[in-house]
Amino acid sequence: MLGLCANQHFSSISMRQLAAACDVNMALVYHYFDSKKGLVHAALRYAIDDFLVEFDDLPKDVDAPLGAGDVWIKATMDAAPRLMRMVKLMADFSAQDSRDPDAMAMIDEFYGRERDTLKQAIEDGMAAGKFRKVNAERTARLTSIAIDGVFFGGPARNDYDYVTNLQDLRDQLLDYLQPG
Numbered sequence: 021m022l023g024l025c026a027n028q029h030f031s032s033i034s035m036r037q038l039a040a041a042c043d044v045n046m047a048l049v050y051h052y053f054d055s056k057k058g059l060v061h062a063a064l065r066y067a068i069d070d071f072l073v074e075f076d077d078l079p080k081d082v083d084a085p086l087g088a089g090d091v092w093i094k095a096t097m098d099a100a101p102r103l104m105r106m107v108k109l110m111a112d113f114s115a116q117d118s119r120d121p122d123a124m125a126m127i128d129e130f131y132g133r134e135r136d137t138l139k140q141a142i143e144d145g146m147a148a149g150k151f152r153k154v155n156a157e158r159t160a161r162l163t164s165i166a167i168d169g170v171f172f173g174g175p176a177r178n179d180y181d182y183v184t185n186l187q188d189l190r191d192q193l194l195d196y197l198q199p200g
């Protein structure tokens, strides 16, 4: 279903199209979901939870330069095609005139987890003397925005090499954090 939403705004997709994308009978969709919005919420919730479980299941290498931040970036690389579709759906929800509070809560949760993971990794690196002193919250926020740029800006430039771009972003972040 995320694939269908990646190609067009979810509001323009019919329930029939959604049922076909899920390979289920439309009556079954209506049996489990009150509305298209409910189905799309469930798909977004599933995608976010699936990514977070993947992240949580990866071993945390405390000796990696970014610690858990490296694990987040690795999980993002591993899930890149699926994340691109998820980020597109999140952008669709965010761009609506009347923002859906349930969808926005899920989106805020995802990005909050990303920022918190990056911020903690930066703070840990500064405390260990591996990184120079920076505003960890601002650096994490801008890094989070840059990660989304890989999924939006890259394709806009016909660049779909998510893994290389995410690796380059990580390397650039580490260059920035190096003690002077």
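The numbering of the sequence shown is the numbering used here, which starts it at 21 and goes up by one. Virtual Cβ for every residue (Gly too), placed ideally from N, Cα, C.
| Item | Value |
| --- | --- |
| Backbone secondary structure at Tyr180 - three-state DSSP | coil |
| As assigned by DSSP and simplified to three states, the class of Gly200 | coil |
| Contact between the region 108-116 and the region 145-158 (3+ Cβ pairs under 8 Å) | no |
| Ala88 burial status per 10 Å Cβ neighbour count (16 or more: buried) | buried |
| Whole-angstrom distance between Ile68 and Leu193, CA atom to CA atom | 25 Å |
| N-terminal and C-terminal residue of the alpha helix (DSSP H) that Leu38 is part of | Met35 to Cys42 |
| C-beta contact flag for Thr163 and Leu186 at 8 Å | no |
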